[in-house]
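Presented below is the structure to which this report refers.
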Amino acid sequence: MNVLICGGAGYIGSHMAQYLAEAGHVVTVLDNLSTGHHEAVRWGELLEVNLLDAEGLERVLQGRRFDAVMHFAARSLVGESVSHPYSYYSNNVTGTLNLLEAMRRADVERIVFSSTAAIFGNPQSDVIDEAHPKAPINPYGASKLMAERFLADAAQAYGLRSVALRYFNAAGALPGHGIGEAHACETHLIPNVLRAALGQGPSLKIFGNDYDTADGTCVRDYVHVQDLARAHALALEFMDRNEGAHTFNLGNGQGFSVHDVIATAASVAGVAIPYEVAPRRAGDPARLVASSAKAREQLGWQPRWTELAPIIESAWHWHRDQPSWSPHHRQTGHPTQAA
Ligand SMILES: NC(=O)c1ccc[n+]([C@@H]2O[C@H](COP(=O)([O-])OP(=O)(O)OC[C@H]3O[C@@H](n4cnc5c(N)ncnc54)[C@H](O)[C@@H]3O)[C@@H](O)[C@H]2O)c1
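Position in the sequence shown counted from 1, then plus 296, gives you my numbering.
Here it is, written out as structure tokens:
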């Protein structure tokens, strides 16, 4: 297949490009490099285009024939979305609308969309399935839920086939392929714990150790980036068999606490990782764990990376040996946060 990967210079999109190229597909990456990296585009051509540039998108979609689009391109920092909501709605909502319109005009009828656990808001059950109420508590989550709505409406109006995959916490890397999690502003726990293990950044903070969980720290569901890539490939096959707009939650199905992550990372890195306990942060639920039963039944997807240690080990190789283009290469002084 000929697949356009929007946001393919970013963390998950670059792993997707590797996965599809290795499976024999032709990959083209569209990215404005706002948080992604030119050097992460190692499979396929890079087209430097902003989703907000409707004419540029039109030229790309009219210029060659794509069988499907994978849409990873978004801004995705929750805190930033609260302080800059307009730019989040503009980038994530208007950008998605521009992409869908350019697809419609070019008769591209399939899209896999990166959605998120943030569309659910505060969890009302221990394990979150697709039927869980959708009540995002920040503009980032709201922008993704709006995009899901566009996909449902486009299925009705134009016959667009879509799969929205709601990832919980993406983690890990593909050692030996020169790509990994390379966010200049890193808010995710595993990379920040590994940076602390490398002596980078200020001390690691655990935000709250008095939650109603086994060890008092927040529990999250870490799904390996390669498992995510495989789910996208299965979604392409699923759209061959199924019309309409579909949504799936993707997680490992197991929760791991902040303490679990720090202890496992310490054992993988072979060093003690210092941390301090800070007050809880507003909006951090005690537990966020996905039910991926629907993805298992309908996509035939099951995570292969179910244990925490190999997930962290794959990320550790990336963080320890990062290439010079990575923003964390020899970088110190970025805020380091846990949970
Ligand atoms: N990383 C996670 O744990 C996680 C969890 C849930 C959902 N997601 C979603 O998955 C997707 C990928 O996440 P990631 O961690 O790889 O992020 P990332 O920031 O590494 O990648 C996003 C890519 O999109 C590009 N981009 C952003 N806005 C663009 C625009 N207007 N035009 C063109 N390109 C643009 C960026 O330059 C970057 O290369 C995002 O949509 C994110 O919301 C990620």
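Just so you know, even glycine gets a beta-carbon here, dropped at the ideal spot from N, CA and C.
> Among residues of its own chain, excluding the 5 on either side of ASP363, which ones have a beta-carbon nearer than 8 Å to its beta-carbon?
Replying inline: Excluding sequence positions up to five before and after ASP363, its CB lies within less than 8 Å of the CB of MET297, ASN298, VAL299, VAL404 and ARG406, all in the same chain and listed in chain order.
> If you measure from the CB of ARG445, is any heavy atom of ligand 1 nearer than 8 Å?
Replying inline: Distances between the C-beta of ARG445 and the heavy atoms of ligand 1 are all 8 Å or more.
> Where DSSP assigns a beta bridge to LYS501, which residues make up the other side?
Replying inline: BP columns for LYS501 point to GLU572.
> Quick one: is the Cβ of GLN464 within less than 8 Å of any heavy atom of ligand 1?
Replying inline: Correcting the residue identity first, residue 464 is Phe in this sequence and not Gln. PHE464 Cβ: within cutoff of ligand 1.
> Using 8 Å as the Cβ pair cut-off and three pairs as the minimum, do the segment 550 to 568 and the segment 337 to 351 touch?
Replying inline: The segment 550 to 568 is not in contact with the segment 337 to 351.
>> Taking the beta carbon of TRP612 as the centre, do at least 16 other beta carbons fall within 10 Å, making it buried, or is it exposed?
In response: Taking all protein chains shown into account, TRP612 has 16 or more neighbouring C-beta atoms within 10 Å of its C-beta and is therefore buried.
> So ARG516 packs on GLY551, CB below 8 Å; how close in whole Å?
Replying inline: Confirmed, about 6 Å.
> Just curious, the alpha helix (DSSP H) that GLU262 is in, first and last residue?
Replying inline: Since the displayed the chain opens at 297 and closes at 635, residue 262 lies outside it and no answer follows.
> By the 10 Å Cβ neighbour count, where 16 or more other Cβ atoms means buried, how is PRO575 classified, buried or exposed?
Replying inline: By the 10 Å Cβ count, PRO575 comes out exposed.
>> Please report the distance separating the alpha-carbon of LEU396 from that of GLN420.
In response: Rounded to the nearest angstrom, the gap between the Cα atoms of LEU396 and GLN420 is 32 Å.
> Who are the Cβ neighbours of GLY417 in its own chain at under 6 Å, not counting the five residues just before and after it?
Replying inline: Spatial neighbours of GLY417 in its own chain (CB-CB distance under 6 Å, excluding positions within 5 residues in sequence) are listed in chain order as ALA431, PRO432 and ILE433.
> Helix, strand or coil for HIS630 per DSSP?
Replying inline: Confidence at HIS630 is low in this model, with a pLDDT of 40, below 50, so the placement of that residue is unreliable and no value is reported for it.
> Under three-state DSSP, which class holds VAL404?
Replying inline: DSSP, read as helix, strand or coil, puts VAL404 in coil.
> Which whole-angstrom value describes the C-beta separation of TYR518 and ASN465, a residue pair presumed to lie in contact below a C-beta threshold of 8 Å?
Replying inline: At roughly 5 Å, the Cβ-Cβ gap stays under 8 Å, so TYR518 and ASN465 are in contact.
>> Helix, strand or coil for SER587? Go by DSSP, reduced to three states.
In response: In the structure shown, SER587 sits in coil (DSSP, three-state: anything other than H, G, I, E or B).
> Leaving out five residues before and five after ILE308 in sequence, what residues of the same chain have Cβ atoms less than 8 Å from its Cβ?
Replying inline: These residues qualify, in order along the chain: PHE368, SER410, TYR463, ALA466, VAL521, LEU524 and ALA525.
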